[in-house]
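J.:
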Amino acid sequence: MKHYIGIDLGGTNIKAGVVNEKFEIIGKASVKTACPRPAKEIADDMYNVSVMACENAGIDMNEVEWLGIGTPGIADNVNGIIAYSNNLGFKDVPIRKYIKEHIDKPVYVANDANAAAYGEFIAGAAKEAQDAVCITLGTGVGAGVIIDGKIFTGRNLAGAEVGHMVIGVDGPLCTCGRKGCFEAYSSATGLIRMTGEAAESNPESILNEYIREKGRTSARHAFDAMRAGDKAGKEVVDKYIKYLAAGITNAINIFQPDILCIGGGVCNEGDPLMLPMIELVKKEVYTRMIEKNTEITVAKLGNDAGIIGAAFLGNA
1 MKHYIGIDLG GTNIKAGVVN EKFEIIGKAS VKTACPRPAK EIADDMYNVS
51 VMACENAGID MNEVEWLGIG TPGIADNVNG IIAYSNNLGF KDVPIRKYIK
101 EHIDKPVYVA NDANAAAYGE FIAGAAKEAQ DAVCITLGTG VGAGVIIDGK
151 IFTGRNLAGA EVGHMVIGVD GPLCTCGRKG CFEAYSSATG LIRMTGEAAE
201 SNPESILNEY IREKGRTSAR HAFDAMRAGD KAGKEVVDKY IKYLAAGITN
251 AINIFQPDIL CIGGGVCNEG DPLMLPMIEL VKKEVYTRMI EKNTEITVAK
301 LGNDAGIIGA AFLGNA
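The working numbering applies: residue 1 is where the sequence shown begins, and numbers increase by one.
As structure tokens, then:
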């Protein structure tokens, strides 16, 4: 059986996995990214953590077919370069060259959200699709788009930045510099911001009580307070779902995918999040009068999506 290395390069951790032909991860390892530091050092650690993953899988590093890397930012797979990554402080980093100093195997590189989307496409929630959009609700809003079975990157390799569609002109400032982006409202960061604002405006609420008890505001507090019957918590959840539905409706209207899947910790809320959001999308989507419409579902692979997708970038 053939084996492949998938590397999920993040701002906090470098994670590697050995993936077999059945899309099963048979060995994993991780180390701290420890940014900022020279890109060559990080590349050395990417190779080293891959060796550790192979050891945990019981195979030799030379037995793998290739290595695939999912990285935050703009990745140029043709030239094997991380063209730009604000999270890592990278610009025009020849990542393929650095890895091949250690091992003479093919090295593929893609944006991390695209790699995760490809993972869901080949082995997860979008497996039966031809066209798919995969959105991750995390610190930001990451997205990957698959069209006719291929990752869409656009002319400058920065395509599918769904998180930076403006859904509220003059809304809160986004990390990209624009105001009112989908990401500013629907990321976990956006939910935390709205939760904090509501708690401050409602000092006697259960929501505010939860935050005082924990000493911090989390993305779960609004949903927990809503389930406890708190009005302020419900208002935050309703507002969050409204913005989430708006962004998802926009993505469906643009791409008309077979499947749109949503991942990230917020999705652990399950039906209280998904059911009302899907109903709003059904009412607003442009194709609402047509019987055949996009299936909206929760991503299946969780944190493994990026590793599995990266491992199979040689086929993408």
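Backbone N, C-alpha and C define an ideal beta-carbon position, used for all residues, glycine too.
1. To the nearest angstrom, how far is the alpha carbon of G70 from that of D112?
2. When DSSP builds the beta bridges, which residues end up paired with T136?
3. Ignoring anything shorter than 4 residues, give me the alpha helix (DSSP H) runs that lie fully in the region 151 to 212, in order along the chain.
4. What are the partner residues of T12, as DSSP defines its beta bridges?
5. Return the chain-ordered ranges of every beta strand (DSSP E) run that is complete within the region 38 to 120 and spans a minimum of 3 residues.
6. Run through the DSSP bridge pairs and tell me what H3 is partnered with.
7. Counting pairs of beta carbons, one from the region 243 to 251 and one from the region 182 to 192, are three or more of them closer than 8 Å?
8. Is the CB-CB distance between C261 and E41 below 8 Å?
9. Assuming A29 is part of the beta strand (DSSP E), what are its boundary residues?
10. What is the DSSP secondary structure of I296, counted as helix, strand or coil?
11. With a threshold of 8 Å, are at least 3 pairs of Cβ atoms found where one atom belongs to the region 123 to 131 and the other to the region 299 to 310?
12. From the DSSP output, in three-state form, read off I318 for me.
13. In chain order, what residues of the same chain lie with their CB nearer than 6 Å to the CB of I135, ignoring the 5 residues before and after it?
14. Alpha helix (DSSP H) containing V237: first to last residue?
15. If I measure Cβ to Cβ from I248 and keep anything under 6 Å in the same chain, skipping five residues before and after, which residues do I get?
16. Tell me I122's beta-bridge partners as DSSP assigns them.
17. With a Cβ-Cβ cutoff of 8 Å, do S50 and I81 count as a contact?
18. Confirm, please, whether the CB-CB distance from G154 to P72 is below 8 Å.
19. If you compare alpha carbons, which of A117, M52, Y47 is closest to I96?
20. Under 8 Å: do the region 20 to 27 and the region 51 to 59 share three or more Cβ pairs, one atom per stretch?
21. Using 8 Å for Cβ pairs, my map puts M165 next to C181. What's the rounded Cβ distance?
22. In chain order, what residues of the same chain lie with their CB nearer than 6 Å to the CB of V287, ignoring the 5 residues before and after it?
23. What do you get for L289, buried or exposed, if any count of 16 or more other CB atoms within 10 angstroms of its CB means buried?
24. Whole-angstrom Cβ separation of F223 and E269, contact assumed at under 8 Å?
25. Taking buried to mean at least 16 other C-beta atoms within 10 Å of its own C-beta, is S85 buried or exposed?
26. Could you tell me the alpha carbon to alpha carbon distance between N79 and D92, rounded to whole angstroms?
27. Excluding the 5 residues preceding and the 5 following G89 in the sequence, name in chain order all residues of the same chain whose CB lies nearer than 8 Å to its CB.
28. Work out the CA separation of K105 and R318 for me, nearest whole Å.
29. Per DSSP, what are the beta-bridge partners of I324 in this structure?
30. Using CA atoms only, rank isn't needed, just tell me which of G190, A219, A160 is closest to C174.
T.: This is what the structure holds:
1. 4 Å
2. G142, G263
3. 182 to 186, 188 to 201
4. DSSP, once it has assigned bridges, lists no residue as partnering T12.
5. 67 to 71, 74 to 76, 81 to 85, 90 to 93, 107 to 111
6. N20
7. yes
8. no
9. 25 to 32
10. strand
11. yes
12. Here the chain has residues from 1 to 316 only, and residue 318 is not among them.
13. A143, I262
14. 231 to 255
15. V281
16. I122 pairs with nothing; no bridge assigned.
17. no
18. no
19. Rather than Ile, the amino acid found at residue 96 in this sequence is Arg. Measuring from the Cα of R96, the nearest candidate turns out to be Y47.
20. yes
21. 7 Å
22. In the sequence under discussion, the amino acid at residue 287 is Thr, which differs from the Val named in the question. Closer than 6 Å at Cβ, skipping near neighbours: N293.
23. The question names Leu, but residue 289 in the sequence shown is Met. The residue is exposed, with fewer than 16 neighbouring Cβ atoms inside 10 Å.
24. 5 Å
25. buried
26. 10 Å
27. C35, P36
28. Outside the shown range of the chain, which is 1 to 316, sits residue 318, and nothing can be said about it.
29. Residue coverage of the chain in this structure runs from 1 to 316, which leaves residue 324 outside it and unanswerable.
30. G190
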